[in-house]
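Chains as they are written, first to last, in our numbering: chain S, 53 to 190; chain A, 74 to 250. Glycine included, each C-beta is placed from N, C-alpha and C at the ideal position. Note that the structure is predicted; figures quoted are calculated from it, not measured.
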Amino acid sequence: MEPASVFAFTCPVKTNSGNKALEHLPVELANLNAVKPIIITSVEAVGRKAIQTLTNAFGDSGMTMGLFDGVTGTADLTLIENLKIIYIEKQYDAVIALGGGTVVDAAKVLNLAVSLKAADARHVHGNFIALWSRIQYA
Amino acid sequence: MMKIVQEVHAGRKPFQRAYVGIFLWFTGRAIQAAAKVDEQIRKEFDNLPDDFTFSLGCLPNGPWMVIGKENGTVKYLGGNPQGRHLHVRLAIKNVDAAFLILSFQESPALATTRNRLITDGEVPYALAVQRVLDIVEVYLLPRIIASLAVKRYPSWWSMGRKLRGRIGVYTRTLLGI
């Protein structure tokens, strides 16, 4: 599949670290005009305590979040497609990845799927691979 | 399919919120009192615009304290900044950070380096407010705690200034005058 003729993907990074840095999340999200994030994680990889720490960091913010803690070592595009449908139906507006490896991969592809408004997550996959190939061989 | 994503509601932090709320309420009344007792604070406010108003509090839902000048007098205007024209808004990013700062576990300087504070408004006004807050904290707190809250404790102040100031500030704060 051919990628879109004009494509730009900007990913600026801001790092907050240190004591109680997680508690800055509601304000950082508000700066991005996000009020309803979805947390993508794997309970097997990070444990319930880490998830609890993250959700507690939102205390007193009045926010409602989605929590998907079932990312496995072999996350597939059917899962991403399901998450994309839920994301749109429930009107989430930000993705938080808690964990590494597959969790971050799933969150990135979900971000692309909802940002590109792809009809199917598998199309994002095609676009992404094609674009990646084009960048690599340009 | 919907069940794979749970809805999680952010909890509450009632203890931190209550502590911060009481602290800001008391400090607000103390600023009003100190503006009548301390010459330096009076001069700081005299140099500010006649309708000068500032707020200090925490995001996203408070609590806040609002201080303003009305007819040349400094007044504590309550805890609701909604609908007011604020010259300076000093905001702490969350109630946990506010608790750390206002319980003196973390100095304002350290909190600034940890990116916990937001200043909205003119910097000279914000610095004047910071100087006022420092003086009020010196009056309200014993030296060992005040040294944690201010960058440099004013050891050059005379004992008479501290004693008279403390009696005046505490009396006026408690009576609300």
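- Contact between the segment 95 to 105 of chain S and the segment 133 to 140 of chain S is not established, with fewer than three Cβ pairs separated by less than 8 Å.
- Sorting 127/S, 64/S, 70/S and 167/S by C-alpha distance to the C-alpha of residue 152/S places 127/S at the top.
- For the pair of segments examined, the segment 111 to 128 of chain A was found not to touch the segment 81 to 94 of chain A: the number of CB pairs separated by less than 8 Å stays below three.
- Its chain contains 81, 86 and 89 as the residues whose beta carbon lies nearer than 6 Å to that of residue 146/S, once the 5 sequence neighbours on both sides are disregarded; these appear in chain order.
- Spanning the alpha carbons of residue 166/S and residue 122/A requires a straight line of approximately 49 Å.
- When secondary structure is reduced to three states using DSSP, residue 191/A falls in the strand class.
- Annotation for residue 116/S: 88 place their beta carbon closer than 8 Å to its own, counting only its chain and skipping 5 residues before and after.
- Beyond the five residues adjoining it in sequence on each side, residue 144/S comes within less than 6 Å, by CB distance, of 88, 90 and 118 in the same chain, given in chain order.
- Per DSSP, reduced to three states, the secondary structure at residue 79/A is strand.
- Here the C-alpha atom of residue 131/S lies approximately 17 Å from the C-alpha atom of residue 148/S.
- Around the beta carbon of residue 111/A, a 10 Å sphere encloses 16 or more other beta carbons of the protein chains shown; the residue is thus reported as buried.
- By the Cβ neighbour-count rule, residue 131/A is buried, with 16 or more other Cβ atoms within 10 Å of its own.
- Rounded to the nearest angstrom, the Cβ distance from residue 236/A to residue 202/A is 25 Å, too far for a contact under 8 Å.
- Its chain contains 132 as the residues whose beta carbon lies nearer than 6 Å to that of residue 161/S, once the 5 sequence neighbours on both sides are disregarded; these appear in chain order.
- In chain order, 208 place their CB closer than 7 Å to the CB of residue 113/A, counting only its own chain and leaving out the 5 sequence neighbours on each side.
- Within chain S, the residues 72 and 75 have their CB atoms less than 7 Å from the CB of residue 170/A, given in chain order.
- Under the rule that a run must span 4 or more residues, the alpha helix (DSSP H) segments found entirely inside the segment 86 to 120 of chain A read 87 to 110 and 112 to 119.
- Excluding sequence positions up to five before and after residue 226/A, its CB lies within less than 8 Å of the CB of 211, 216, 219 and 220, all in the same chain and listed in chain order.
- Excluding the 5 residues flanking it on each side, residue 68/S has same chain C-beta neighbours closer than 6 Å at 76, in chain order.
- Ranked by Cα distance from residue 161/A, the first of 145/A, 195/A and 184/A is 195/A.
- Residue 154/S has its alpha-carbon roughly 32 Å from the corresponding atom of residue 170/A.
- Using a CB distance cut-off of 7 Å, residue 128/S does not count as an interface residue toward chain A.
- Taking each of 109/S, 108/S and 92/S in turn and checking the Cα distance to residue 159/S, the smallest one comes out for 92/S.
- Under the 8 Å Cβ criterion, the segment 138 to 157 of chain A does not count as touching the segment 185 to 192 of chain A, having fewer than three qualifying pairs.
- Residue-level contact by beta carbon fails for residue 153/S and chain A, as no gap is shorter than 7 Å.
- With 16 or more other Cβ atoms inside 10 Å of its own Cβ, residue 105/A counts as buried.
- Under the DSSP assignment, residue 140/A falls in the beta strand (DSSP E) whose first and last residues are 137 to 143.
- Looking at the DSSP output, residue 122/S sits in a beta bridge with 94/S.
- Classified as buried, residue 172/A has 16 or more neighbouring CB atoms from the shown chains inside 10 Å of its CB.
- Residues of chain S whose Cβ lies closer than 7 Å to the Cβ of residue 129/A do not exist, since the nearest Cβ in that chain is about 16 Å away.
- With respect to residue 154/A, residue 93/A sits apart: the two C-beta atoms are not nearer than 7 Å.
- By the neighbour-count definition (other C-beta atoms within 10 Å, threshold 16), residue 84/S is an exposed residue.
- The Cβ atoms of residue 86/A and residue 112/S lie closer than 7 Å to each other.
- Residue environment for residue 249/A: exposed (fewer than 16 other C-beta atoms within 10 angstroms of its C-beta).
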